[in-house]
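Enquirer: So the sequences go chain by chain: A and B. Okay, so the first sequence: first residue is 70 according to the working numbering, each after it adds one. Okay, so the second sequence: first residue is 24 according to the working numbering, each after it adds one. Glycine residues also receive a C-beta, built at the ideal position from the N, C-alpha and C atoms.
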Amino acid sequence: MARMLPEPTPETRHFWEGCKDGELRLQRCTECTHSYFPPRPFCPKCGSRDVEVYAASGKGFLYSYVINHRPRPDMGTEPHSIAVVELDEGPRLMTNIVGCPQTPEALQLDMKVQVKFEKQTDDISLPLFEPAKG
Amino acid sequence: MKPKSVAVVGAAETTKMGKIPDVSVLGLHADAALNAMKDAGLKPSDIDGVATAGVSPVELAQYLGITPTYADGTSVGGCSFMLHVRHAAAAINAGLAKTILITHGESGRSRVGAGGFGRNATSLMGQFEMPYGVTSPPTMFTIPVLRYMKTYGVTEEDLATVSVIQREWAALNPRASFKDPITVDDVLNSPMIAWPFRMLMCCLVTDGGGALIITSADRAKDFPNKPVYVLGTGESVETPMVSQMEDFNSSKAFRVSGKKAFEEAGIKHADVDHLMIYDAFAHLPLYGLEDLGFVKPGEAKDFVRERNTAIGGKLPMNTNGGGLSYMHSGMYGMYALMESVRQMRGTAAAQVDGAKISVCQGVGGMFAAAGTVIFGNEA
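1) Using a Cβ cut-off of 7 Å, which residues of the segment 158-180 of chain B contact any Cβ in chain A, in chain order?
2) Give a yes or no on whether 9 Å exceeds the smallest Cβ distance from serine 104 of chain A to chain B.
3) Please report the straight-line C-alpha distance between leucine 235 of chain B and glycine 289 of chain B, rounded to a whole angstrom.
4) Cβ of histidine 149 of chain A versus every heavy atom of the ligand FAD: is any distance shorter than 8 Å?
5) Taking the alpha carbon of threonine 122 of chain B as the point to measure from, which residue in B:Tyr171, B:Asp71, B:Pro161 has its own alpha carbon closest?
6) For glycine 149 of chain B, would you say it is in contact with chain A, using Cβ-to-Cβ distances shorter than 9 Å as the test?
7) Using DSSP with H/G/I as helix, E/B as strand and the rest coil, what is leucine 111 of chain A?
8) Please report the distance separating the alpha-carbon of leucine 162 of chain A from that of arginine 82 of chain A.
9) Is there a C-beta anywhere in chain A that falls below 9 Å from the one on tyrosine 155 of chain B?
10) Using 9 Å as the threshold, is the C-beta distance between tyrosine 252 of chain B and valine 108 of chain B below it?
11) 9 Å is my cut-off, CB to CB: does valine 153 of chain A come that close to chain B?
12) Considering only C-alpha positions, which residue in the set A:Pro196, A:Ile151, A:Gln171 is nearest to threonine 158 of chain B?
13) Do we get a CB-CB distance below 9 Å when we pair histidine 83 of chain A with the residues of chain B?
14) Using 8 Å as the Cβ pair cut-off and three pairs as the minimum, do the segment 30-45 of chain B and the segment 108-124 of chain A touch?
15) Would tryptophan 218 of chain B pass as an interface residue toward chain A - the criterion being a Cβ-Cβ separation below 9 Å?
16) Indicate the three-state DSSP secondary structure (helix, strand or coil) for glutamine 150 of chain B in the structure shown.
17) So with CB distances below 9 Å, who are the chain B contacts of methionine 180 of chain A?
18) With which residues is valine 251 of chain B paired in a DSSP beta bridge?
19) When you compare each of B:Phe164, B:Ala305, B:Lys39, B:Met361 to isoleucine 188 of chain B by their alpha carbons, which one comes out closest?
20) Output needed for methionine 222 of chain B: all residues of its chain with C-beta closer than 6 Å, excluding positions within five of it in sequence on either side, in chain order.
21) Just grab the DSSP bridge partners of methionine 163 of chain A for me.
22) Does DSSP put cysteine 169 of chain A in a helix, a strand or coil?
23) In chain A, which residues lie less than 8 Å from arginine 142 of chain B when you measure between Cβ atoms?
24) Helix, strand or coil for arginine 97 of chain A? Go by DSSP, reduced to three states.
25) Just to confirm my understanding: we take valine 375 of chain B, look at its own chain, exclude 5 residues before and 5 after, and list those with CB closer than 8 Å. What are they?
26) At a Cβ threshold of 9 Å, is phenylalanine 271 of chain B touching chain A?
27) What residues in the segment 351-368 of chain B have a beta carbon less than 7 Å from any beta carbon of chain A?
28) Can you pull the chain A residues whose beta carbon is under 7 Å from the beta carbon of methionine 1 of chain B, in chain order?
29) So glutamate 313 of chain B contacts chain A; which residues on that side make the cut at Cβ distance below 9 Å?
30) Looking at the secondary structure, which residues open and close the beta strand (DSSP E) in which cysteine 383 of chain B lies?
31) Among A:Lys202, A:Ala201, A:Pro196, which one has its Cα closest to the Cα of tyrosine 155 of chain B?
32) Is DSSP giving glutamine 189 of chain A helix, strand or coil here?
33) Compare the beta carbon distance of leucine 309 of chain B and glutamine 384 of chain B with 9 Å and say whether it is the shorter of the two.
34) Taking only the alpha-carbon atoms, compute the straight-line gap between lysine 66 of chain B and serine 104 of chain A and give it to the nearest angstrom.
35) Going by the CB atoms, is the gap between glycine 399 of chain B and isoleucine 380 of chain B shorter than 9 Å?
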């Protein structure tokens, strides 16, 4: 059983194209400067349609998470994190933390993390996060 | 709405509860509806309004032989029934219908006549949450809690204490699924589901249903049972994606819905004798106590540990044993409403002596929606 993968829509395609190109693309409002996620062609804060896509830093911190222990063959055989990262630009997103033990000791809230794109298919790469280096 | 303008005149759960492999989802709706009509001394032809979630109100009306002038299919998860009560109150006050039936039935455990779980990979959840392993309540509802625990110094023992106290209530309820006492250690030694949640911090998965009948307060005295008046109601929705909650320490939908209900009812927190807070997981009563304003942010863990919500405490909460020990079919809100109504009628298994006001707080989805109903038993 394969991991469930996203099917992009016209409003989200830029995000998934960005992941494929190794870039975490957010949107911001050109009127009120609010950065937001998930993608949509208008600002959720002020309603303006004047928004732009930009490349985010890919840096943030671990905001909250769980470590799933229930069987999930599509996610591998070991317990795995399901995490929310708060990006330096403000928005939060769901992800997995990789590149470290999947334990409460290794996964400390507020630790710095950085994006790591993991290719799933020719069309889809997922933005996962790993502990920040240095 | 105007307080005490409508009342519950019929209320009943399904004949059986827990494991019901011989009844379908639609059958559970009908069983609960027939029991509620019997409770109110009514026939299907006396009902002119229907509301339900899970199945369509069209399906329900046709199956029961009802010709409604009002139908509400609001479906926002487990608190849908709180919203149905609120909408029914507005509808009766506006003259859209006189006698409204609200039903719930779910074959959560046996899955008889139950639909599959949909996975839409084009939805925002399908694109931005499910690919990371988020698919079921234990990996969704639980996501905010580590942040909440860090912010307020809440421990695993605090979460476990919620489960322990609810089991004490369940022991008084012959219909509860789990009645044997448990300790904090039992909870902390139960199997890990999704860190920091252990099995005994998660709700049951059972079969059952319930139904309510609501009419105007001026007709309510003509029914066989003591009327239970609706004093105030609230509702709100926030986000289908738990990762996009505005604040992981608090539910905005809870705050908005609760505030509205208290304002409508014109009551203070000190007036409340009995409280139900939908407990799909052990952290929900803690969020609920704070977001409804019974305690300040961060104080719920101490409030519960000091046994204020336990038997003999000043604010008895989840007196049926809750979703953690009584039953949880999937959309638990109806059972919370049932217990509030029983407490107001004076017929609960763990009756709170002299209770006059009950607050019933529901949640829908994973902090996606909320509904609040405040009941009273004095006209």
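Expert: The short version:
1) Pro161, Thr162, Thr165, Ile166, Pro167, Leu169, Arg170, Lys173
2) Position 35 of the first sequence, counted from the first residue, corresponds to residue 104 of chain A. So, not an interface residue.
3) Translated into positions along the second sequence, residue 235 of chain B becomes position 212. Translated into positions along the second sequence, residue 289 of chain B becomes position 266. Rounded to whole angstroms, leucine 235 of chain B to glycine 289 of chain B spans 24 Å at the Cα level.
4) Among the components modelled here there is no ligand, and therefore nothing to report on the ligand FAD.
5) The residue you call residue 122 of chain B lines up with position 99 of the second sequence. Closest option to threonine 122 of chain B, Cα to Cα, is B:Asp71.
6) The sequence position of residue 149 of chain B within the second sequence is 126, counting from 1. Yes, glycine 149 of chain B counts as interfacial toward chain A.
7) Locating residue 111 of chain A in the first sequence gives position 42, counting from the first residue. Before going further, note that residue 111 of chain A is phenylalanine rather than leucine in the sequence given. Residue state for phenylalanine 111 of chain A is assigned as coil, using DSSP reduced to three classes.
8) Here residue 162 of chain A refers to the residue found at position 93 of the first sequence. Here residue 82 of chain A refers to the residue found at position 13 of the first sequence. Taking the straight line from one Cα to the other gives about 17 Å.
9) Looking up residue 155 of chain B in the second sequence gives position 132. Taking Cβ atoms only, chain A reaches closer than 9 Å to tyrosine 155 of chain B, which makes this a yes.
10) Within the second sequence, residue 252 of chain B is the residue found at index 229, counting from 1. Within the second sequence, residue 108 of chain B is the residue found at index 85, counting from 1. Their beta carbons are not under 9 Å apart, which means tyrosine 252 of chain B does not touch valine 108 of chain B by this criterion.
11) By one-based count along the first sequence, residue 153 of chain A stands at place 84. Output row for valine 153 of chain A: interface = yes.
12) Taking the first residue of the second sequence as 1, we reach residue 158 of chain B at position 135. Out of A:Pro196, A:Ile151, A:Gln171, A:Ile151 has the C-alpha closest to the C-alpha of threonine 158 of chain B.
13) Looking up residue 83 of chain A in the first sequence gives position 14. Not an interface residue.
14) no
15) Position 195 of the second sequence holds residue 218 of chain B. Yes - at least one Cβ of chain A is within 9 Å of the one on tryptophan 218 of chain B.
16) The residue labelled residue 150 of chain B in the question sits at position 127 within the second sequence. Helix at glutamine 150 of chain B.
17) Along the first sequence, one-based indexing puts residue 180 of chain A at 111. Correct list: empty, because the minimum Cβ distance to chain B is about 12 Å.
18) Counted from its first residue, the second sequence places residue 251 of chain B at position 228. B:Val31.
19) Along the second sequence, read from residue 1 onward, the residue named residue 188 of chain B stands at position 165. The candidate whose alpha carbon is nearest that of isoleucine 188 of chain B is B:Ala305.
20) To locate residue 222 of chain B, count along the second sequence from 1; it is residue 199. Excluding residues within five positions, the ones whose Cβ falls inside 6 Å are Ser213, Pro214, Ile216.
21) The count along the first sequence starts at 1 and reaches residue 163 of chain A at position 94. Its beta-bridge partners are A:Val153.
22) For the purposes of this step, residue 169 of chain A is identified with residue 100 of the first sequence, where counting begins at 1. Coil, per DSSP.
23) By one-based count along the second sequence, residue 142 of chain B stands at place 119. Residues of chain A passing the Cβ test: Met73.
24) Position 28 of the first sequence, counted from the start, is the residue given in the question as residue 97 of chain A. In the structure shown, arginine 97 of chain A sits in a strand (DSSP, three-state: E or B).
25) Taking the second sequence and counting its residues from 1, the one referred to as residue 375 of chain B is at position 352. Once the five neighbours on either side are set aside, the close Cβ partners of valine 375 of chain B are Asp296, His297, Pro339, Thr342, Gln366.
26) Taking the first residue of the second sequence as position 1, residue 271 of chain B is located at position 248. Output row for phenylalanine 271 of chain B: interface = yes.
27) Of all residues in the segment 351-368 of chain B, none comes within less than 7 Å of chain A when Cβ atoms are compared.
28) Since the first residue shown for chain B is 24 and the last is 402, residue 1 of chain B is missing from the structure and cannot be characterised.
29) The count along the second sequence starts at 1 and reaches residue 313 of chain B at position 290. Per Cβ cutoff of 9 Å: no residues; glutamate 313 of chain B is ~17 Å from chain A at best.
30) Locating residue 383 of chain B in the second sequence gives position 360, where the first residue counts as 1. Its beta strand (DSSP E) spans residues 380-387.
31) Translated into the one-based positions of the second sequence, residue 155 of chain B becomes position 132. Comparing Cα-Cα distances from tyrosine 155 of chain B to each of A:Lys202, A:Ala201, A:Pro196, the minimum goes to A:Pro196.
32) The residue labelled residue 189 of chain A in the question sits at position 120 within the first sequence. Coil, per DSSP.
33) Residue numbering aside, residue 309 of chain B sits at position 286 when the second sequence is read from its first letter. Residue numbering aside, residue 384 of chain B sits at position 361 when the second sequence is read from its first letter. Result no, Cβ atoms of leucine 309 of chain B and glutamine 384 of chain B do not sit closer than 9 Å.
34) Position 43 of the second sequence, counted from the start, is the residue given in the question as residue 66 of chain B. Position 35 of the first sequence, counted from the start, is the residue given in the question as residue 104 of chain A. Roughly 56 Å separates the two Cα atoms.
35) For the purposes of this step, residue 380 of chain B is identified with residue 357 of the second sequence, where counting begins at 1. For the purposes of this step, residue 399 of chain B is identified with residue 376 of the second sequence, where counting begins at 1. Closer than 9 Å, so yes.
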